[in-house]
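What follows is a set of notes on a single structure, which appears directly below.
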Amino acid sequence: GENVEQHPSTLSVQEGDSAVIKCTYSDSASNYFPWYKQELGKGPQLIIDIRSNVGEKKDQRIAVTLNKTAKHFSLHITETQPEDSAVYFCAAATTGTASKLTFGTGTRLQVTL
Amino acid sequence: NAGVTQTPKFQVLKTGQSMTLQCAQDMNHNSMYWYRQDPGMGLRLIYYSASEGTTDKGEVPNGYNVSRLNKREFSLRLESAAPSQTSVYFCASSEAGGVGSPLHFGNGTRLTVT
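From first to last, the protein sequence lines stand for chains A and B.
Those letters in the first sequence? Residues 10 to 122, by my numbering.
Those letters in the second sequence? Residues 544 to 657, by my numbering.
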């Protein structure tokens, strides 16, 4: 089955700096790659996703890039703010009839003042 | 709009006890899921229901059973709890079961088995 590796496990940046989180996946059939943000005591929330027919997608300060040949995708957050502090999960979906996402192990991002 | 509601929020069980985790969504979604979250392991799929009346095993189904009671509700049952089932459990729903349908998560149930 699919295996998703995520790095780093923790990341500390100063407010205003950029943050990059990287994921690799193993199943070349995967074609959907969402990113979720989990705040303390809450469930994960989708922040951005990308499909395999697109190389990059942006939404304000957040962007995701996908390299299908190398089987890796990354989350980029620019101009980080304290409210960006959270745990971020990448995921990859196998094709089929259900969104059976395989998640990475998470990155705890801390934005310091 | 409540979204996905899970009860209870916290639970402590003794080894061998049983319990049911409840989940309900008010978004008229077709698909529902149960995940567990453990430190350093991300979220792992226990069971899912692609549509009302169907359920399928995920990555870690052993020790669990599920019931899709109706379109809104999807429960997870632990028949004989074990310490290895200490975890945070998340229910999620999506509009459709196909790839690319975003998951909406509840706020989780923190379960401790002693």
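Backbone N, C-alpha and C define an ideal beta-carbon position, used for all residues, glycine too.
Please list the partners that residue i has in chain B, where partner means a Cβ-to-Cβ separation under 9 Å.
i, result
"Gly-50/A", "Asn-650 and Gly-651"
Where does residue i sit, in a helix, a strand or coil, going by DSSP?
i, result
"Ser-35/A", "coil"
"Glu-92/A", "helix"
"Ser-21/A", "strand"
"Ser-610/B", "strand"
"Gln-628/B", "helix"
"Asp-569/B", "coil"
"Thr-103/A", "coil"
"Ala-545/B", "coil"
"Gln-69/A", "coil"
"Val-656/B", "strand"
"Arg-615/B", "coil"
"Met-562/B", "strand"
"Lys-600/B", "strand"
"Thr-114/A", "coil"
"Asn-76/A", "strand"
"Thr-87/A", "coil"
Using a Cβ cut-off of 9 Å, pull out every chain A residue sitting near residue i, in sequence order please.
i, result
"Pro-645/B", "Pro-43, Leu-55, Asp-58 and Ser-108"
"Phe-553/B", "Result: empty, since nearest Cβ-Cβ is about 11 Å, beyond 9 Å."
So residue i packs on residue j, CB below 8 Å; how close in whole Å?
i, j, result
"Phe-98/A", "Leu-646/B", "Incorrect: roughly 11 Å between the Cβ atoms, too far for contact."
"Arg-579/B", "Val-609/B", "Contact flag wrong, Cβ pair sits at about 13 Å."
"Lys-46/A", "Ile-56/A", "5 Å"
"Ala-95/A", "Leu-118/A", "6 Å"
"Ala-101/A", "Tyr-34/A", "4 Å"
"Leu-654/B", "Ser-561/B", "Actually they do not touch by this definition, with Cβ atoms about 12 Å apart."
"Thr-116/A", "Pro-17/A", "6 Å"
"Leu-556/B", "Val-656/B", "5 Å"
"Thr-114/A", "Ser-39/A", "Not confirmed; about 17 Å, so no contact."
"Gln-549/B", "Gly-649/B", "4 Å"
"Tyr-607/B", "Leu-588/B", "No, Tyr-607/B and Leu-588/B are not in contact; Cβ-Cβ is about 11 Å, not under 8 Å."
Around the Cβ of residue i, are there at least 16 other Cβ atoms within 10 angstroms (buried) or fewer (exposed)?
i, result
"Ser-27/A", "exposed"
"Arg-611/B", "buried"
"Gly-583/B", "exposed"
"Phe-112/A", "buried"
"Pro-43/A", "buried"
"Ser-574/B", "buried"
"Lys-67/A", "exposed"
"Ser-37/A", "exposed"
"Ala-567/B", "buried"
"Gln-69/A", "exposed"
"Thr-652/B", "buried"
"Gly-601/B", "buried"
Residues of chain B with a CB under 8 Å from the CB of residue i: which are they?
i, result
"Thr-114/A", "Gly-583, Met-584 and Gly-585"
"Phe-98/A", "Gly-585 and Leu-586"
Taking beta-carbon pairs under 8 Å, can you tell me which members of the region 599–626 of chain B lie near chain A? Asp-599, Gly-601 and Glu-602
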